[in-house]
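Q: Each residue of the sequence shown is one higher than the one before, counting from 158 in this note's numbering.
Before I ask anything, let me first share the structure, which is written out below as structure tokens.
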Amino acid sequence: MKGEELRTYREAKGLSQSEFAVWLNERLQRRYDKQKVSRWENDAERIPAALDALIRRDAAGVEKLGGPALVVVVANQKGGCAKTVSAVNIASALALQGYATMLIDCDPQANATQHLGIDSYTLEADAKTLYYVMHGDLELRDILVTVEESGLRVAPSSIRLAETEVELGKEAGGDFIMKEKIAAAKRTFDFIIIDTPPNIGELTKNAMVAAHTAIIPCQTEKFSLLGMGFLLENVAKIRRRMNTSLSVLGIVPTIYKQRERNDREVLEQIQEQYSPHLRVFDPVPKASVYAQATSVGRAAVEAMPDVAGAAVYRDVAAALVEERIIRIKEVERVA
């Protein structure tokens with residue numbers, strides 16, 4: 158979007174630059190001012206992708222729903238399957254489309270936090286990480302960090318969250334703490350994405366109890382495929398016992414090497430075994446650019462939107478948008 162297009166859009170809404178900044182801040186949770194709007198309109202500064210997406214959606218008559226949020230858990234008990242990369246890029250893809258999106262880093266390793274260039278050590282020293290929400294009086298809104306490039310809001314993690322695995326198991330009603338903490342945020346966000354630890358422990362269980370649907374990244378190698386049944390069994394148990402709303406949106410094959418026979422065979426097995434009753438997305442190929450994006454604290458779909466696999470993450474984001482609309486309509490129909 159060019160500066161002149163932005164000016165035309167603002168003037169069509171009958172807003173001054175100051176009023177337009179307020180309008181944007183209400184929708185993107187930012188702190189823009191008149192001077193910032195002026196720089197954009199004069200092409201002195203690049204218009205952020207999240208702002209561009211919001212304006213194009215609004216101009217097309219596509220209303221941002223602004224709550225209630227669809228809560229999505231990204232889970233796999235096996236490490237090294239691009240779970241965090243998937244969570245970060247799916248959340249970023251939604252934010253770049255103008256949706257109010259929160260990414261909760263529920264992994265004590267804080268990989269999602271660090272992936273986006275957020276300093277978990279300083280935030281831990283300031284008691285502004287997820288641990289203090291789960292075990293204190295803080296709300297999620299008190300710890301959120303905004304990613305400049307996409308507008309994504311992040312609830313950061315730190316190593317101290319590891320203590321939560323033990324504490325939640327001892328606490329009465331501990332399985333429902335994250336659900337309680339998310340309740341208020343669901344009213345103002347469109348999507349809440351939860352990145353979980355690479356295990357089926359108390360934190361992952363909490364995330365599944367809080368979620369509406371699950372996305373399962375699965376590396377196209379045999380050990381990852383062997384663990385899929387165990388993970389789906391746990392999802393089914395939580396659905397039966399604690400969260401009847403929980404579904405599985407689909408499986409995202411990851412780190413796919415098309416030239417490798419083993420990868421092709423495993424991908425075929427995933428499709429044959431699960432596609433009859435679950436959606437299996439196209440595979441995300443192995444690509445060094447994902448590690449490169451991590452090293453500079455950015456999501457690949459934002460930094461390099463045409464990178465191999467980015468279209469898959471956008472497809473997952475589109476499926477989540479559809480799922481959210483379906484669930485909202487179901488609630489309205491019952492009401």
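Glycine included, each C-beta is placed from N, C-alpha and C at the ideal position.
Since the structure is predicted, the reported quantities are computational estimates derived from the model, not experimental observations.
Could you give the first and the last residue of the continuous alpha helix (DSSP H) run that contains Arg418?
A: Here the question's residue 418 lines up with position 261 in the sequence shown. Looking at the DSSP string, the run of the alpha helix (DSSP H) that includes Arg418 is 418-431.
Q: Which residues does DSSP list as the beta-bridge partners of Gln266?
A: One-based indexing of the sequence shown puts residue 266 at position 109. According to DSSP, Gln266 bridges with nothing at all.
Q: Quick check on Tyr470: does DSSP put it in helix, strand or coil?
A: In the sequence shown, residue 470 corresponds to position 313, counting from 1. The answer is helix: DSSP assigns Tyr470 an H, G or I state.
Q: How far does the beta strand (DSSP E) with Leu406 in it extend, from its first residue to its last?
A: Here residue 406 is taken as the residue at index 249 of the sequence shown, counted from 1. Counting along the chain, the beta strand (DSSP E) containing Leu406 begins and ends at 404-411.
Q: If you compare alpha carbons, which of Ile412, Val458, Ala456, Thr451 is closest to Asp439?
A: As a working mapping, residue 439 is identified with position 282 in the sequence shown. Minimum Cα distance to Asp439 is reached at Ile412.
Q: Please say whether Val469 and Ile351 have beta carbons closer to each other than 8 Å?
A: Working through the sequence shown from its first residue, we reach residue 351 at position 194. Working through the sequence shown from its first residue, we reach residue 469 at position 312. Cβ atoms of Ile351 and Val469: not closer than 8 Å.
Q: Whether or not the region 313-321 and the region 225-244 are in contact is what I'm after, with contact meaning three or more pairs of Cβ atoms, one per stretch, closer than 8 Å; do they touch?
A: At 8 Å Cβ cutoff, the stretches do not touch.
Q: Using only alpha-carbon positions, find the residue among Glu306, Arg436, Arg310, Gly236 that is nearest to Asp262.
A: On the sequence shown, position 105 is the one that residue 262 refers to. Comparing Cα positions, the closest option is Arg310.
Q: What residue range is occupied by the uninterrupted alpha helix (DSSP H) comprising Leu309?
A: As a position in the sequence shown, residue 309 is number 152, starting the count at 1. Element bounds for Leu309: n/a, residue is neither H nor E.
Q: So, under 8 Å CB-CB, Asn233 and Pro354 are touching, yes? Tell me the CB distance rounded to an integer number of Å.
A: Here residue 233 corresponds to residue number 76 of the sequence shown, with the count starting at 1. Here residue 354 corresponds to residue number 197 of the sequence shown, with the count starting at 1. 10 Å between Cβ atoms; not a contact.
Q: Determine the burial state of His434: buried for a count of at least 16 other Cβ atoms within 10 Å of its Cβ, exposed for fewer.
A: On the sequence shown, position 277 is the one that residue 434 refers to. Exposed, by the Cβ-count rule.
Q: Measuring alpha carbon to alpha carbon, tell me which residue in Arg203, Ala450, Leu477 is nearest Ala465.
A: As a working mapping, residue 465 is identified with position 308 in the sequence shown. Measuring from the Cα of Ala465, the nearest candidate turns out to be Ala450.
Q: Per the DSSP calculation, Thr370 is bridged to which residue(s)?
A: Counted from its first residue, the sequence shown places residue 370 at position 213. For Thr370, which the question treats as bridged, DSSP gives the partners Val229, Ser404.
Q: Using DSSP bridges, identify the partner residues of Gln376.
A: Within the sequence shown, numbered from 1, the residue matching residue 376 stands at position 219. Per DSSP, Thr411.
Q: Are Glu296 and Ala206 close, meaning C-beta to C-beta below 8 Å?
A: As a position in the sequence shown, residue 296 is number 139, starting the count at 1. As a position in the sequence shown, residue 206 is number 49, starting the count at 1. Not in contact: Glu296 and Ala206 (Cβ atoms no closer than 8 Å).
Q: Are the CB atoms of Ala210 and Val194 nearer to each other than 8 Å?
A: Numbered from 1 along the sequence shown, position 53 holds the residue referred to as residue 210. Numbered from 1 along the sequence shown, position 37 holds the residue referred to as residue 194. Not in contact: Ala210 and Val194 (Cβ atoms no closer than 8 Å).
Q: Glu183: which of Glu378, Phe346, Arg213 sits nearest, CA to CA?
A: For the purposes of this step, residue 183 is taken as the residue at position 26 of the sequence shown. Of Glu378, Phe346, Arg213, the residue nearest in Cα terms is Phe346.
Q: Does the beta-carbon of Leu260 have 16 or more other beta-carbons within 10 angstroms, so that it is buried, or is it exposed?
A: Sequence index remark: in the sequence shown, residue 260 carries index 103 (1-based). Result: buried.
Q: For Val488 and Glu390, what's the separation of their Cα atoms in angstroms?
A: One-based indexing of the sequence shown puts residue 488 at position 331. One-based indexing of the sequence shown puts residue 390 at position 233. Approximately 27 Å, taken between the alpha carbons.
Q: Measure the CB-CB distance between Ala342 and Ile349 and report whether it falls below 8 Å.
A: Position 185 of the sequence shown, counted from the start, is the residue given in the question as residue 342. Position 192 of the sequence shown, counted from the start, is the residue given in the question as residue 349. Going by C-beta atoms, Ala342 is nearer than 8 Å to Ile349.
Q: Can you check DSSP and say which residues form a bridge with Ile260?
A: Mapped onto the sequence shown, residue 260 falls at position 103. Here residue 260 is Leu; the residue named in the question, Ile, does not match the sequence. Note: Leu260 sits in a beta bridge opposite Val311, Ile350.
Q: Identify the residues that DSSP records as bridge partners of Arg436: which are they?
A: For the purposes of this step, residue 436 is identified with residue 279 of the sequence shown, where counting begins at 1. For Arg436, which the question treats as bridged, DSSP gives the partners Gly407.
Q: How is Thr323 classed by DSSP in three states: helix, strand or coil?
A: Numbered from its first residue, the sequence shown carries residue 323 at position 166. It should be noted that the sequence gives Val, not Thr, for residue 323. Of the three classes helix, strand and coil, the one that applies to Val323 here is helix, per DSSP.
Q: Per DSSP, Pro462 forms a beta bridge with which residues?
A: Within the sequence shown, numbered from 1, the residue matching residue 462 stands at position 305. Partner(s): none; Pro462 has no beta bridge.
Q: Please say whether Asp264 and Ser314 have beta carbons closer to each other than 8 Å?
A: Counted from its first residue, the sequence shown places residue 314 at position 157. Counted from its first residue, the sequence shown places residue 264 at position 107. Contact flag set, yes.
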